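As structure tokens, the structure follows; a few thoughts come after it.
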Amino acid sequence: MNEPLPEYMVVGEGHSTLVFLHGLGGDHTNWQPQFAEFASDYRCVAWTLPGYGLSPPLEALTWPNLSDMLARVLDDISVDRATIVGISMGGYIAQQFAADYDERVDRLVLAATSSEFGRGSASFSERFLAARLKPLDDGSTPADLAPDVVRSLLSSDAPPDAVTNCVASMSRISADAYRAALRCLVTWDFTDHLHDISVPTLCLAGADDVTAPVAALRALAEGLPDAQFAVIDNCNHLMNLDRPVEFNRLTRQFLNAH
Numbered sequence: 361m362n363e364p365l366p367e368y369m370v371v372g373e374g375h376s377t378l379v380f381l382h383g384l385g386g387d388h389t390n391w392q393p394q395f396a397e398f399a400s401d402y403r404c405v406a407w408t409l410p411g412y413g414l415s416p417p418l419e420a421l422t423w424p425n426l427s428d429m430l431a432r433v434l435d436d437i438s439v440d441r442a443t444i445v446g447i448s449m450g451g452y453i454a455q456q457f458a459a460d461y462d463e464r465v466d467r468l469v470l471a472a473t474s475s476e477f478g479r480g481s482a483s484f485s486e487r488f489l490a491a492r493l494k495p496l497d498d499g500s501t502p503a504d505l506a507p508d509v510v511r512s513l514l515s516s517d518a519p520p521d522a523v524t525n526c527v528a529s530m531s532r533i534s535a536d537a538y539r540a541a542l543r544c545l546v547t548w549d550f551t552d553h554l555h556d557i558s559v560p561t562l563c564l565a566g567a568d569d570v571t572a573p574v575a576a577l578r579a580l581a582e583g584l585p586d587a588q589f590a591v592i593d594n595c596n597h598l599m600n601l602d603r604p605v606e607f608n609r610l611t612r613q614f615l616n617a618h
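If you read the sequence shown in the numbering used here, its first letter stands for residue 361, the second for the next number, and so on.
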């Protein structure tokens with residue numbers, strides 16, 4: 361792979377590295393509360409998905425290609441091993457990377473994600489994709505859709521800057537890039553490969569999340585060889601911004617234990 365590297369940022373100078381992978385409507389700025397918490401102890405890295413923002417698109421947006429590009433980002437900053445923290449779609453990439461590059465992963469934190477999109481239902485995936493593509497085909501942009509999408513993914517009492525952050529990040533995505541990501545998203549089907557992930561893993565669910573329900577995270581944890589499972593109360597999908605204090609506490613507790 362010789363395609364150009366995506367946009368990424370590095371904060372902190374710790375000996376160990378945390379890599380943060382955002383979700384479908386996000387970018388690297390979604391991890392500000394985590395940079396503030398962890399940069400004093402860790403080297404924190406966050407990318408913007410290829411095709412989003414200033415990141416050049418991949419010729420083919422597939423899970424193996426995203427995994428390979430993440431390996432190239434780590435090469436670019438001379439990081440041999442890292443802990444990968446992925447939320448939602450970023451959790452898909454984290455799982456793929458941990459299976460493809462086991463020797464480069466210390467631990468995983470998988471938040472608001474699953475081992476298969478749409479619980480493995482092809483008909484659900486088709487309906488989901490058609491419903492998400494229709495507004496784009498009708499001329500709307502991600503910026504037009506962002507306020508309603510973000511409201512559905514955060515609690516009503518989420519920190520005000522969480523709403524601002526998420527609307528801004530989604531608004532920076534082009535319609536073409538969002539289409540490509542949606543088409544990639546619905547292909548996720550990794551349940552049969554979970555045994556390829558050997559590292560300690562924390563699976564985090566939001567109690568009020570209907571996008572990645574508690575049951576999906578519990579099933580993910582049960583399917584992994586070395587995983588623990590926790591639920592954040594009164595929490596919606598974008599948990600690192602919705603309930604940053606509790607997300608950071610559980611993540612740090614896991615890091616300290618492993």
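All C-beta atoms in this analysis are idealised placements derived from N, C-alpha and C, irrespective of residue type, glycine included.
This structure is a prediction, so every number in the text was calculated from the model and none was measured.
Expected contact under 8 Å - CB spacing of residue i and residue j to nearest Å
i: Ala581; j: Ala587; result: 4 Å
i: Ala506; j: Val527; result: 5 Å
i: Ser427; j: Tyr461; result: 7 Å
i: Met599; j: Ala472; result: 6 Å
i: Leu381; j: Val445; result: 7 Å
i: Thr561; j: His597; result: The pair is not a contact, with the Cβ atoms about 19 Å apart (cut-off 8 Å).
i: Asn525; j: Thr408; result: About 14 Å; that fails the 8 Å criterion.
i: Val559; j: Ala458; result: 6 Å
i: Pro410; j: Leu418; result: 5 Å
i: Pro393; j: Asn608; result: 7 Å
Run of the beta strand (DSSP E) containing residue i, from where it starts to where it stops
i: Tyr538; result: Per DSSP, Tyr538 belongs to no beta strand (DSSP E); it is in the alpha helix (DSSP H), 535-545.
Contacts around residue i, its chain only, beta-carbon distance under 7 Å, and the 5 residues preceding and following it disregarded
i: Val371; result: Phe395, Ala399, Cys404
i: Leu365; result: Arg432, Val433, Asp436
Identified DSSP bridge partners for residue i
i: Phe398; result: In the DSSP output, where bridge partners are listed per residue, Phe398 has none listed.
i: Phe589; result: Cys563
i: Asp549; result: Glu476
i: Gly446; result: Leu381, Leu470
i: Val405; result: Val370, Val379
Contact set for residue i: own chain, Cβ-Cβ below 6 Å, skip 5 residues either direction
i: Phe614; result: Leu562
i: Met530; result: Gly385, Pro502, Ala506
i: Ile533; result: Tyr412, Pro502
i: Gly450; result: Leu381, His382, Gly383
i: Asp549; result: Glu476
i: Ala537; result: Gly411, Tyr412
i: Asp466; result: Arg441, Thr443
i: Gln455; result: Phe550
i: Val379; result: Val405, Ala442, Ile444
Where the alpha helix (DSSP H) through residue i begins and ends
i: Arg578; result: 574-583
i: Trp423; result: 423-436
i: Ala522; result: 520-531
i: Thr389; result: No alpha helix (DSSP H) holds Thr389; DSSP gives it neither H nor E.
i: Pro604; result: 604-617
Check: residue i C-beta below 7 Å from any heavy atom of the ligand ATP
i: Val445; result: This structure does not include the ligand ATP; it has no bound ligands of any sort.
Short CB-CB distance (under 8 Å) between residue i and chain C
i: Ala575; result: The structure shown contains no chain C, having only a single protein chain.
Cβ neighbours of residue i in the same chain (closer than 8 Å, five flanking residues each side left out)
i: Ala590; result: Leu562, Cys563, Leu564, Ala565, Leu610
i: Leu514; result: Ala522, Val523, Cys526, Asn596, His597, Leu598, Leu601, Asp602
i: Pro495; result: Asp504, Leu505
Every unbroken beta strand (DSSP E) inside the region 455-504 [3 residues or more]: DSSP runs (the beta strand (DSSP E)) wholly in the region 455-504: 465-471.
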